[in-house]
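Below you'll find the structure, written out as C-alpha cells, and then a few comments.
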Amino acid sequence: MAIFVGKETRLVVQGITGREGAFHTQQMKAYGTNVVAGMTPGRGGTEVEGVPVFDSVAAAVAATGANTSIIFVPAPFAADSIMEAAAAGIRLVIAITEGIPTLDVVKALRYTGERGVRVIGPNCPGAMTPGEAKVGIMPADIFRRGNIGVVSRSGTLTYEVVNLLSEAGLGVSTCVGVGGDPVIGTTFVDVLAAFQTDPQTEAVLLIGEIGGTDEETAAAYIQAQVTKPVLAFISGRSAPPGKRMGHAGAIISGSMGTPQAKVAAFQAAGVPVADTLDQLVQMAGERVRVK
Amino acid sequence: MAIFVGKETRLVVQGITGREGAFHTQQMKAYGTNVVAGMTPGRGGTEVEGVPVFDSVAAAVAATGANTSIIFVPAPFAADSIMEAAAAGIRLVIAITEGIPTLDVVKALRYTGERGVRVIGPNCPGAMTPGEAKVGIMPADIFRRGNIGVVSRSGTLTYEVVNLLSEAGLGVSTCVGVGGDPVIGTTFVDVLAAFQTDPQTEAVLLIGEIGGTDEETAAAYIQAQVTKPVLAFISGRSAPPGKRMGHAGAIISGSMGTPQAKVAAFQAAGVPVADTLDQLVQMAGERVRVK
Amino acid sequence: MKLYEFQAKEIFQRYGIAVPAGRMVARAADAAYVAEELGRVVVKAQVHAGGRGKAGLIKLAESPEQAQSRAEAIIGQTFKGYVIHRVLVEAALDIAAEYYLAATIDRASKRAVLMLSAMGGIDIEEVAARSPEKIARQVVDPAYGPLDFEIRALIAQAGLDPAAARGVADVVKKLYRAFLECDAALAEINPLVVTSQKTVLAADAKFEVDDNALFRHPELLGYKEEAEEDPIEAEAHRRGVPYVHLDGDIGIIGNGAGLVMNTLDMVTRQGGRPANFLDIGGGARADLVRQALEIVLMDKKVKGILLNVFGGITRGDEVAKGILEAVRSLDVRVPIVVRMAGTRASEGLRLLEGTPLVPAASPEEAARKIIGLARA
Amino acid sequence: MKLYEFQAKEIFQRYGIAVPAGRMVARAADAAYVAEELGRVVVKAQVHAGGRGKAGLIKLAESPEQAQSRAEAIIGQTFKGYVIHRVLVEAALDIAAEYYLAATIDRASKRAVLMLSAMGGIDIEEVAARSPEKIARQVVDPAYGPLDFEIRALIAQAGLDPAAARGVADVVKKLYRAFLECDAALAEINPLVVTSQKTVLAADAKFEVDDNALFRHPELLGYKEEAEEDPIEAEAHRRGVPYVHLDGDIGIIGNGAGLVMNTLDMVTRQGGRPANFLDIGGGARADLVRQALEIVLMDKKVKGILLNVFGGITRGDEVAKGILEAVRSLDVRVPIVVRMAGTRASEGLRLLEGTPLVPAASPEEAARKIIGLARA
C-alpha cells in the first residue's frame, strides 16, 4: 500500500446492484481489488459478480470485515450512504457519485468528521495504488507502478497525465482524484501529507484547476511541510469568470480562484508549474529516478 | 475543592443584570465565591455588585480567565447561553434557569457534549462546596463543612437534608443539585463518579425522586464502581401515575419511574434506602466519623 | 399540554401524515350526518385518557343510525374523571397491518427517540413490559435528525412488512419533524395502519407539547384553551401557580417541588389523603401565599391545609410574617398547620404562637396534626 | 440556477424578510402605473449580471412620468450579453444605513458561511479586495445552525449600529433558513437597508440555487424556466448535456470536465477562441456524440470542431467507431479534428484515416490543426 488503498483494503460497494456499481465491481475485482461485499437496501442475500450483497453497511461490515467503502448510489441518496458507512465503522469512504447537493455533502462531512472517517470525493474517480488495489473508476490499463504520487481535481485529465507518465516509462505510487465539487472530503493538503510520509512516493504531481483556494492552501502547506518535490499544473486558465466549466468547483467568482493567483502561489512556494501536461511529465522525469 | 466547585472556581454570571442574577451574585460574593465577571449582551462596560459586565462570554473569559459559568438567563435564551459558555472555553456550566424547552436542552447538551464541557442542571439549585464556593442559589447559612457528599434532583428538599445534617453535627463536602428536568447535563452517575475519587468525601447521600431511570442506573453503577457508602432516599412515593408534580422530570409513565422500582434497585445494589429524611440523616451519622 | 386525538391528527396532517377521513362532532345527530357521507365509521370518544377501546369508547358503526346511537351512548359519559363532550367520527379502514410508532424524549441518552413496533393497536405499555424486544428503538442525534439508513434499520429491527417499508419510513420522517418543530414531549401513532392497498395512515394519534416551549408556538395556543379540563387546575395555571388536583381532603402547599412532593408522601404515610400538590416556589411572599390558599380552597373537599416552608435565603421569621399576613386577609374556615424549617425556623414558628395557625417542627408532626384536625 | 432580483425577493418574503413594496413590469407604461401607487420609486433592470448601478440600470424616478421614461430607457437594452426584458419598480426607501449580508458555501471550512459588513450598497468584491477586515464572517456548524451568540458576535464584529442589531439578527436567521431550505449556493442582500424608522429591509437580493438540489424543489422549478437566457444552453440542459456557450468559433467537445477545460486552454494558448465547453462524460456512445455535435452546431459562429476523447475503460477503437457512426448520421459542414488518447488510442486514430475526420495525437496538434482548418 502506498496511501489510502492497497492490499489491506477490504472493500464494500454501496449501490452494487446499479449499472455503474455492478460494472465497476467487475472491473475492480478484475484488477485484484479485494471486494468483500456489496450493499443495496432490500437486495440483501443476493450476489453481484460473485460478491455477497447486504441490506446495510453494518451487516456487510459485520459479515466481511470491510474497512473501505465505494459509493455508486444515486445522488439524492448518496450523502446518506456516506453517513451509513461511517456509522458502520468504515474508515475510508470513496464517493464516486456526481451531483450530490452541496448542503448534503456539508452535512455528511460534518458527520464523518466527528467520527474520524476519511471521505474522498464526491464526484471523483477514486483512488488507485497500481499493482495493489483500484478503488474507483479509472482505467487500470494505463497505469504503471512506480514512485510518483498523483493528486488531481479532475478525472479524465488525470488519466491523461498517467498515460503520459506510462509512455515516458514513469510509474505511479498512488493516484488520488479528490473530486471536482466545491465541497470535498479530502483536499490537496490531506493527500500531500499522506504522500510526504509514504516511503514509496518520491515526487508528487498536483493537477489543480480554477476555483476555490485549495491550490493556494496546498502551496503554503508544501512550503511549510513537504520536503519531496512537488510539480503542479493548473487547468482552466482560459475559462471566463462566472462560468461553471462542468465541475461545480471550477468557477471563478470575483478575485477568488483565478489561475494567476494559483500559479503565483505555487511559484512563491518554490513549486514549479507546468504550462502543459507534456511539460509536467517531462519535469517529473527529470526529478525522479526510475526503479 | 471537594468536587466541581471550590477555590479554583473563577465564575462568570450570565444574566447578571437581571433581578435573580444580581441578587445571587451578591449572595455568592458574600459567601466568598470568586465571581470574576458578569455577562449580559448590550450591557458590557457596566458593573453589578462590583463585578465587571461583558457583552459576551468570550470577552469575559478573555479579560478575567473565568472557567465556570452560572446561568440566570430567562428560559427562551438560556440554551443559547449554555452553548455560548461552552464555545468560549468555559469548562463547567451551572444552569439555574427553570422552564427551558426540553428540545433546547437536548441541543445544548449535544453541543457541550462534543466539547467536553460539563453542564449541571438546568432547573437546579447549583453546586456548593462549603467553606470554598457557592455556585448556585442554596441558602449558605444552613451548610457545615464536612465529609458527606450530597446529590439530589430537588432543591428545597436538599436544603432540608443539609439542614438536618447540620443539626446533627454533620457536614457536607460538596452538595450538587442535578435538577428536576427530564433531560439534565449531569446525572447521579456523573456525581457519584466524582465523589468516589474525591478524598474529602467519605459517604454520599442521594436524594432521588420518581420518574426516569437515573436512580436505577445509579444503583447499578454504585454496585459496580462505588466503594464509599451511599445512602438513598426517594421522594414522590405517593404520587399518582401520569401526574406531573412540579418537576417536569417527576412523572410516572407506565411502568417507568415508579418508586418501587427505584427502591428495589437500590436495595439490590446494597444501598440502604431511608423512608424519611430524618432516618436518612440518622443513617448517615452512623456511617461517617465526624471530623 | 396533551392534545385530543382530533387535534393531534390536525397537526399530523399539517406535516403530511395521512389520517382517515373524519369529523369531530359534539351532538349525536351530527354523527349520523357524518356517517351518511363516510359510510362505515368508527365513533371515538375524545378524552385525555388511555384505554378507550377496552372501556367501549371506540365503536364501529355500520349505518348512520348506528353511528348516532353509538355517539349518544358515549357523549356525556364520565371516563377516568373526564366528562366526554365530543366524538370523532371516522371512516372505518381496511386494515392489513397495525404498527406502533412514536417519538418521545429518552432521558438516558438525553435525546429524542423513535420507537417502532409491529405490535400495533394494543397497549404499548403491555408490550414494553412483556416483550420489550418487540419495540425497536432509534435514538435521534439532534445534529442530523433521523437519517435514512437509521430509519431503514429501525424498520428492519421492528420486523415490518418490507412492502410497507417505504411508506412507513416516510411517516417516520414526518412524525419526527412534527415532534421537533412543535416542541412535542410525545408524538404517538397507535395503530399506524397499513391498508390492503398499502397506504399508511395514522388511525389513532397522541400528541403532547412541552409546556415550556408554548411561548414560541402561538399556533398551538388554540389547543391550550381546550386542553384543560379540571377547573381548579385551569384557574391555577391562569395565575401561573403549579397546582395539581388530587382526590383527597388535605390541602398541601409548600415551596419547592421536591419539598411539596415529600410533604404529600408524609401525609399519605400517616394515613391522610392529599387534595393537591401546590408549589409556591422560592420565598413566601404574602400575596403568593394568599393566591395559593385561595386556589386550594376552591376544592370544597378540603378539610385542612398543611403549609410546609423551608426558610432558605429568605429567613424563617420573614416567611412566617408573610404567611400570617396572607391568612389574615382571607376568611379561612379550615385548620392550617404550618411547618417551617431552615434558616431562623424556630423564630418563625414562635411568631405563629397565639394565632389560628398551628405550628409544627417536622413534616411528621405537621402531617399528624393536620390529619387529626381535619378529622375533627 | 441564478434567480432574478424579483424572484429572490419572493423567496425572502416567504421566509419573513421584509422587502420594499414593488412590482415587476415588462412594459414601460406599467411602470408609471406602479409609481402612481408607490410615489417616489426606483426602476431596476432585471438581469443576471452585476454592476447594474454603475451601468445606469437602476434609476430613481420622482414621478410616474419619470418612472415610465426610466423604464423605457432600460427595457430592451443589452447588458453584458443579456437583453433586459423587465424592470422592478419599487418604493424608494428612507435610508439610514446600508449593510451587506450574505450566506454562501465556504469551501475551506466545508460549511456555510455568513458574511456581514457595514460597507453595504457597494461592490462587495471591491471591499473584499481592499479591506477584507471590514467583512465579518461566521462559519455555520450545520449541526446547530447559526446560534444567537454567534450572530451577536458577527454583528459586533461588523460594527453595525447597535440599535439595529436585533432587527439585523432576525434577518440573518431568516436568510440562513432560506439558504438552507432552498438549497442555495448564494443568498445575498446588498444593501440590507435600515430606514430612519429602524426597520430592516432587503433593498436588493441575489439568490442562486444549487442545481444538484433542484430535484427536491418543485416549488422552484417555475423560476428555472425563466432563468435560462441562452437558447443553446437551454436546449443542451433540456437534453441533459453540460454545455456552456462562449463567444469564440471553435467548438469543443470532450469527455470529462477537466479534460474539456484543458482543451479550451490548449486552443486559447494556440491563438484560437473556443465557442463552447461541452462534456459528453464517460465513454463515447454514438448517440451522445451525435447530440453533442447537434448542440455545438446550433451556434452558427462555429467554424470547426475539436473532439478530444480519452479512451479509458471504454477502449479507444470503440470510441472511434462511435464517433464515426455519429458523424456519418449528420450532415456536418465544418471540419472536425479528433484527438484521442489512452487505452488503444493509436488503434482508434487509425480507424479515422480516410474519413473526413482529421486525427491528432496530442492536444497541441489538435488545437493547431483545427485552428488552421477553421481559418481556411
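Residue numbers (our numbering), protein chains in the order written: chain A, 22 to 312; chain B, 22 to 312; chain C, 2 to 377; chain D, 2 to 377. In this text, a Cβ means the ideal position worked out from N, Cα and C, and glycines have one as well.
| task | Rank A/Pro203, A/Ala282, A/Asn168 and A/Lys264 by C-alpha distance to the C-alpha of glycine 306 of chain A and give the top, closest one. | result | Numbered from 1 along the first sequence, position 285 holds the residue referred to as residue 306 of chain A. The shortest C-alpha separation from glycine 306 of chain A is found at A/Asn168.
| Proximity test, Cβ basis, 8 Å: methionine 104 of chain B and chain D | Residue numbering aside, residue 104 of chain B sits at position 83 when the second sequence is read from its first letter. It does; some Cβ of chain D falls within 8 Å.
| task | Would you list the one or two residues that DSSP bridges to serine 175 of chain A? | result | Position 154 of the first sequence, counted from the first residue, corresponds to residue 175 of chain A. Beta bridge pairing from DSSP links serine 175 of chain A with no other residue.
| said: Can you list, in chain order, the residues of its chain with a C-beta nearer than 8 Å to that of arginine 41 of chain C? Leave out the 5 residues immediately preceding and following it. | reply: As a working mapping, residue 41 of chain C is identified with position 40 in the third sequence. Here the set comprises Leu61, Ala62, Glu63, Ala92 and Ala93.
| message | By the 8 Å beta-carbon criterion, what residues does the stretch 262-295 of chain C contribute toward chain B? | response | Per Cβ criterion, the list reads Met262, Asn263, Leu265, Asp266, Met267, Val268, Thr269, Arg270, Pro275, Phe278, Asp280 and Gly283.
| Opening and closing residue of the alpha helix (DSSP H) in which glycine 373 of chain D lies | Indexing the fourth sequence from 1 puts residue 373 of chain D at position 372. Start and end: 364-376.
| message | For threonine 264 of chain D, count the other beta carbons within 10 Å of its own beta carbon; 16 or more makes it buried, fewer makes it exposed. Which is it? | response | Position 263 of the fourth sequence, counting from 1, holds the residue named residue 264 of chain D. So threonine 264 of chain D counts as buried.
| Shorter than 8 Å from the beta carbon of isoleucine 243 of chain B to some beta carbon of chain C? | Here residue 243 of chain B refers to the residue found at position 222 when the second sequence is read from its first residue. At a cut-off of 8 Å between C-beta atoms, isoleucine 243 of chain B does not count as an interface residue with respect to chain C.
| said: Just to confirm the assignment: which complete beta strand (DSSP E) runs, minimum length 3, are found wholly within the stretch 30-99 of chain B? | reply: For the stretch 30-99 of chain B, whole beta strand (DSSP E) runs of length 3 or above, ordered along the chain, are 32-35, 56-60, 72-75 and 89-92.
| What does a CB cutoff of less than 8 Å around alanine 93 of chain B pick up in its chain, not counting 5 residues either side in sequence? | Position 72 of the second sequence, counting from 1, holds the residue named residue 93 of chain B. Correcting the residue type first, residue 93 of chain B is phenylalanine in the shown sequence and not alanine. In its chain, beyond the 5 residues on either side, Val34, Gln35, Gly36, Ile37, Gly39, Glu41, Gly42, His45, Ile117 and Thr118 have a beta carbon closer than 8 Å to the beta carbon of phenylalanine 93 of chain B.
| query | For alanine 188 of chain D versus leucine 176 of chain D, is the C-beta spacing smaller than 8 Å? | reply | As a first step, residue 188 of chain D must be located in the fourth sequence, where it is residue number 187. As a first step, residue 176 of chain D must be located in the fourth sequence, where it is residue number 175. A contact, by the Cβ cut-off of 8 Å.
| request: Could you run through the stretch 225-249 of chain B and flag, in chain order, every residue whose CB is less than 9 Å away from some CB of chain C? | output: Hits within the stretch, in order: Ile228, Glu230, Ile231, Gly232, Gly233, Thr234, Asp235 and Thr238.
| query | Would a C-beta distance cut-off of 8 Å place glycine 281 of chain C and valine 268 of chain C closer than the cut-off? | reply | Looking up residue 281 of chain C in the third sequence gives position 280. Looking up residue 268 of chain C in the third sequence gives position 267. Note that residue 281 of chain C is isoleucine in the sequence shown, not glycine. Cβ distance not < 8 Å, so isoleucine 281 of chain C and valine 268 of chain C don't count as in contact.
| query | Exposed or buried, what is proline 133 of chain D when buried is set at 16 or more other beta-carbons lying within 10 Å of its beta-carbon? | reply | Numbered from 1 along the fourth sequence, position 132 holds the residue referred to as residue 133 of chain D. Taking all protein chains in view, the Cβ of proline 133 of chain D is surrounded by fewer than 16 other Cβ atoms within 10 Å, so the residue is classified as exposed.
| query | Less than 8 Å separating the beta-carbons of leucine 352 of chain C and leucine 325 of chain C? | reply | Position 351 of the third sequence holds residue 352 of chain C. Position 324 of the third sequence holds residue 325 of chain C. It is a contact, given that the beta carbons lie within the stated cut-off.
| query | Closer than 8 Å, Cβ to any Cβ of chain C: which residues of the stretch 51-76 of chain A, in chain order? | reply | For the stretch 51-76 of chain A, which is checked against every Cβ of chain C, the residues closer than 8 Å are Pro62, Gly63 and Asp76.
| Interface residues of chain A around arginine 112 of chain D at Cβ under 9 Å? | Here residue 112 of chain D is taken as the residue at index 111 of the fourth sequence, counted from 1. Near arginine 112 of chain D (Cβ distances below 9 Å), the residues of chain A are Val127, Leu130, Arg131 and Val204.
| chain D contact residues for aspartate 296 of chain B, given Cβ-Cβ distances below 7 Å | Here the question's residue 296 of chain B lines up with position 275 in the second sequence. Here the premise fails: no neighbours, minimum Cβ distance about 45 Å.
| task | With a threshold of 16 other CB atoms inside 10 Å of the CB of lysine 199 of chain D, please say whether the residue is buried or exposed. | result | Residue numbering aside, residue 199 of chain D sits at position 198 when the fourth sequence is read from its first letter. In this structure lysine 199 of chain D is exposed. Its beta-carbon is surrounded by fewer than 16 other beta-carbon atoms within 10 angstroms.
| request: Taking only beta-carbon positions, decide if leucine 148 of chain C is within less than 8 Å of chain A. | output: Residue numbering aside, residue 148 of chain C sits at position 147 when the third sequence is read from its first letter. Using a CB distance cut-off of 8 Å, leucine 148 of chain C counts as an interface residue toward chain A.
| query | Just checking, does the stretch 243-251 of chain C make contact with the stretch 26-38 of chain C on the three C-beta pairs under 8 Å criterion? | reply | Segments in contact, no.
| field | Inter-stretch contact (C-beta, 8 Å, three-pair minimum) for the stretch 205-222 of chain B and the stretch 154-170 of chain B | value | The stretch 154-170 of chain B and the stretch 205-222 of chain B touch, with three or more beta-carbon pairs separated by less than 8 Å.
| CA-CA distance, serine 363 of chain C and glutamine 271 of chain C? | In the third sequence, the residue the question calls residue 363 of chain C occupies position 362. In the third sequence, the residue the question calls residue 271 of chain C occupies position 270. Serine 363 of chain C and glutamine 271 of chain C have their alpha carbons spaced roughly 13 Å apart.
| message | Alpha carbons only, please: which of B/Pro95, B/Thr30 and B/Leu213 is nearest the one belonging to threonine 89 of chain B? | response | Translated into the one-based positions of the second sequence, residue 89 of chain B becomes position 68. Measuring from the Cα of threonine 89 of chain B, the nearest candidate turns out to be B/Thr30.
| field | Limits of the unbroken beta strand (DSSP E) element including isoleucine 141 of chain A | value | As a first step, residue 141 of chain A must be located in the first sequence, where it is residue number 120. Membership of isoleucine 141 of chain A in the beta strand (DSSP E) is indicated by the continuous run 139-141.
| field | Below-8 Å beta-carbon distance, alanine 377 of chain D vs any chain C residue | value | Indexing the fourth sequence from 1 puts residue 377 of chain D at position 376. Taking a beta-carbon distance threshold of 8 Å, alanine 377 of chain D does not count as an interface residue toward chain C.
| Where aspartate 296 of chain B falls, given that 16 or more other Cβ within 10 Å makes a residue buried | Numbered from its first residue, the second sequence carries residue 296 of chain B at position 275. By the neighbour-count rule (16 or more Cβ atoms within 10 Å), aspartate 296 of chain B is not buried but exposed.
| task | State the DSSP-derived secondary structure class of glutamate 127 of chain C, mapped to helix, strand or coil. | result | Mapped onto the third sequence, residue 127 of chain C falls at position 126. DSSP places glutamate 127 of chain C in the helix class (H, G or I) of the three-state scheme.
| task | Using a Cβ cut-off of 8 Å, pull out every chain D residue sitting near phenylalanine 93 of chain B, in sequence order please. | result | Residue mapping note: residue 93 of chain B aligns to position 72 of the second sequence, counting from 1. Here the premise fails: no neighbours, minimum Cβ distance about 16 Å.
| For chain C, is any of its Cβ atoms less than 8 Å away from the one on glutamine 48 of chain B? | Indexing the second sequence from 1 puts residue 48 of chain B at position 27. With its beta carbon less than 8 Å from one in chain C, glutamine 48 of chain B belongs to the interface.
| field | Proximal residues to glycine 349 of chain D (C-beta, below 7 Å), its chain only, five neighbours per side dropped | value | Here residue 349 of chain D is taken as the residue at index 348 of the fourth sequence, counted from 1. Contacts found: Gly312, Gly317, Asp318, Val320, Ala321 and Met341.
| request: Can you give me the start and stop residues for the alpha helix (DSSP H) that asparagine 263 of chain C sits inside? | output: Taking the third sequence and counting its residues from 1, one reaches residue 263 of chain C at position 262. Asparagine 263 of chain C -> alpha helix (DSSP H) spans 258-270.
| message | By alpha-carbon positions, which one of A/Val212, A/Ser102, A/Gly157 and A/Pro261 ends up nearest to alanine 51 of chain A? | response | The residue you call residue 51 of chain A lines up with position 30 of the first sequence. Taking only the C-alpha atoms, the option nearest alanine 51 of chain A is A/Gly157.
| Name the DSSP bridge partner or partners of glycine 229 of chain A? | Taking the first residue of the first sequence as position 1, residue 229 of chain A is located at position 208. Answer by DSSP bridge pairing, in chain order: A/Ile255.
| message | With a threshold of 8 Å between beta carbons, is alanine 74 of chain C in contact with chain B? | response | By 1-based counting over the third sequence, the position of residue 74 of chain C is 73. Closer than 8 Å to the CB of alanine 74 of chain C there is not a single CB belonging to chain B.
| said: Cutting at 7 Å between CB atoms, please list the residues of its own chain near glutamate 70 of chain A, excluding the five before and the five after it. | reply: The residue labelled residue 70 of chain A in the question sits at position 49 within the first sequence. Excluding residues within five positions, the ones whose Cβ falls inside 7 Å are Ala43, Thr46, Gln47 and Lys50.
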